[in-house]
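Chemist:
In my numbering, the protein residues as written are 3 to 591.
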């Protein structure tokens, strides 16, 4: 994150430089020849008065093989624009990356804000809206510019983003999370960290808790505004379409407010996060204590677990030398571990270690189970997002970064006695508050500034390639606005735990719910205020099909075998095919 502002400045400088080079002019030949031909005794050379373009053009392959291109309009009068396919593709990547930065800054700022304000009102009201802000910005600007006719042609970009985000989260990301987080299924329950069935379609997968099913049911309910706005089309009525948009808008805004209030007064997701973070603290404290008990390192210079050191540690903990670690021996070890002011019950910590290490379920941990458990925990520490990069293979550096991340998460999620008031007199809290506000302002400013140019570039790319703007925004824009959330969900699910799978799917369902209420509210308000025509039947049908299939499956199932991931992944290309067939074969658009 430290290099992101530098990257942002470089991109802005590059865009301005491109703009200046694009609009640089040369003196026209006609002006030169006209001034030099004032004398009547000059003999004409046959090219006097020849009109030359005011811009400098290079004879590229595209200019030789294509007819004269239409002019484009620069956003804000200085950002570069082009009418070529490759040029617009490049600009989509640049502006898309800027929107990705905006989403990252908003996410970072909201997390920092949680650190000092607590998760109550902020976590329930503020953060859900911030997470959907980049999408809402793009949807808003897609129909604001120009006349109603121009807005009608460009608003398909907003609908493509709305549908694409929902479909991507529930198909590509959901299916990937099942694959990377799969464990052995026994009696419809995933066995944590046990993956011996390989890629068995029925005996390998993930399982969640009942709270995740509740999140899926909330997501299903959130599609009600889509049904209402489509009701006139279902009844073949043309008179009540504008009224249906207004009613759907009112219901969508009401559902957004109710959903936020529900998260404030029912913070069960935050409690589950807190439990998981405490588990991570057990991992850190245990590994750090083992590191301090040996002169060697838990990791070699190559970053691999040092099995010889791990075996020595096992022998030291095994007091009675029977080759097995009992719960009492582990408890004796845990009592001497300092968990950095966290109120962790020693018996609960023993249970967590036994649950992770004792794969044979015989209430003892042998040497192989101990070694495999330590290796898994070291892998989690190395996989921590703050433990990568320049830290190298040194164990304490990994542990330090893992500890810092875990402690911060615990502080954010501690819903015990923490109030929503800022602690007065704490200078560090004031600094964090200022930093959080700056991140939020910067993220909001970037999203607001580059949402409109990104929509224009998508529209220009559509004109250059003759590909409908809906399909471009359906595929490309969700990658820019949801990629950070998608990566974190996949990493989180890969920890092969039922708790992490439950939390991952709950967050995916929550993101889709926010799309269906907040982003749809923005889109409906845009359609109603500008008097646009609602002709998105195929797009709405795709959203309904994907949300209903995945939502109903998540509502009534807690076990998801590997075959469910194939269903989810196949829904993505089928959604694109369905929209194309309905719009361009059956003429729904």
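Glycine included, every Cβ here is placed at the ideal spot set by N, Cα and C. Quick caveat, the model's predicted, so the values are computed rather than measured.
(1) Give the DSSP bridge partners of residue 561, in chain order.
(2) Please report the straight-line C-alpha distance between residue 311 and residue 109, rounded to a whole angstrom.
(3) By Cβ distance, which residues of its chain are closer than 6 Å to residue 549, with the 5 residues on each side in sequence left out?
(4) Near residue 139, which residues of its chain fall below 7 Å by C-beta distance, leaving aside the five closest residues on each side in sequence?
(5) Label residue 462 either buried or exposed according to how many other C-beta atoms from any shown protein chain fall within 10 Å of its C-beta, with 16 as the threshold for buried.
(6) Look at the alpha carbon of residue 223 and the alpha carbon of residue 211, and state the distance between them as a whole number of angstroms.
(7) Tell me whether residue 263 sits in a helix, a strand or coil according to DSSP, three-state version.
(8) Residue 168 and residue 514: beta carbons closer than 8 Å?
(9) Does the segment 172 to 181 come within contact of the segment 469 to 478, defined as at least 3 CB pairs closer than 8 Å?
(10) Is residue 103 closer than 8 Å to residue 438 when the C-beta atoms are compared?
(11) Spatial neighbours of residue 230 within its chain, please: CB distance less than 8 Å, with the 5 preceding and 5 following residues excluded, ordered by chain position.
(12) Closest by CA to residue 543, which one among 529, 534 and 577?
(13) Closer than 6 Å by C-beta to residue 579: which residues in its own chain qualify, once you throw out the five before and the five after it? Chain order, please.
(14) Taking all protein chains shown into account, decide if residue 554 is buried (16 or more other Cβ within 10 angstroms of its Cβ) or exposed.
(15) Using the C-alpha atoms, what's the distance from residue 105 back to residue 484?
(16) I need the DSSP call for residue 415, collapsed to helix, strand or coil.
(17) Considering only residues of the same chain and omitting the five flanking positions on each side of residue 378, which have a CB-CB separation below 8 Å?
(18) How many Å lie between residue 541 and residue 83 at the Cα?
(19) Can you tell me where the alpha helix (DSSP H) with residue 505 in it begins and where it stops?
(20) Please tell me whether residue 519 and residue 264 are closer than 8 Å, where the distance is taken between their beta carbons.
(21) How many Å lie between residue 187 and residue 164 at the Cα?
(22) Is the Cβ of residue 568 closer than 8 Å to any Cβ of chain C?
(23) Since residue 215 and residue 556 should fall inside the 8 Å C-beta cutoff, what is the C-beta to C-beta distance between them, to a whole number of angstroms?
(24) Give the straight-line distance between the Cα atoms of residue 552 and residue 361, rounded to the nearest whole angstrom.
(25) List the residues that DSSP assigns as beta-bridge partners of residue 188.
(26) The alpha helix (DSSP H) spanning residue 166 covers which residue range?
(27) Going along the chain, which residues of its own chain have a beta-carbon closer than 7 Å to the beta-carbon of residue 182, five neighbours each way excluded?
(28) Out of curiosity, what's the CA-to-CA distance linking residue 441 and residue 268?
(29) Using C-beta distances below 7 Å, list every residue in its chain close to residue 97, excluding the 5 sequence neighbours before and after it, in chain order.
(30) To which residues of the same chain is residue 74 closer than 7 Å at the C-beta, ignoring the five residues directly before and after it?
(31) I need the DSSP call for residue 324, collapsed to helix, strand or coil.
(32) Mapping the DSSP letters down to three states, classify residue 308 as helix, strand or coil.
(33) Taking residue 324 as the reference, give the member of 369, 95, 202 and 355 with the closest Cα.
(34) In whole angstroms, what is the alpha-carbon distance linking residue 562 and residue 213?
(35) Out of 101, 435, 571 and 367, which has the shortest C-alpha to C-alpha gap to residue 136?
Modeler: Taking the coordinates as given:
(1) 209
(2) 40 Å
(3) 225
(4) 449, 450 and 453
(5) buried
(6) 20 Å
(7) helix
(8) yes
(9) Taking 8 Å as the limit for Cβ pairs, the verdict is that the segment 469 to 478 does not touch the segment 172 to 181.
(10) Taking 8 Å as the Cβ cut-off, residue 438 and residue 103 do not qualify as a contacting pair.
(11) Within the same chain, residue 230 has close Cβ partners 246, 249, 250 and 253.
(12) For the residues 529, 534 and 577, the minimum Cα distance to residue 543 belongs to 577.
(13) For residue 579, where only same-chain residues beyond five positions count, there are no Cβ hits under 6 Å.
(14) Residue 554 should be labelled exposed.
(15) 8 Å
(16) Bear in mind that the predicted position of residue 415 carries a pLDDT of just 42, short of 50, making it unreliable; the figure below should be weighed with that in mind. Note: residue 415 maps to helix in three-state DSSP.
(17) 195 and 358
(18) 29 Å
(19) 500 to 516
(20) no
(21) Each residue's alpha carbon lies about 35 Å from the other.
(22) Among the chains of the structure shown, chain C does not appear; only one protein chain is present.
(23) 6 Å
(24) 32 Å
(25) 191
(26) 150 to 170
(27) Excluding five sequence positions before and after residue 182, the CB atoms of its chain that fall closer than 7 Å to its own CB belong to 492, 495 and 496, given in chain order.
(28) 28 Å
(29) These residues qualify, in order along the chain: 452, 455, 456 and 459.
(30) 83, 84, 85 and 462
(31) coil
(32) coil
(33) 369
(34) 15 Å
(35) If we check each option's Cα against that of residue 136, 101 comes out closest.
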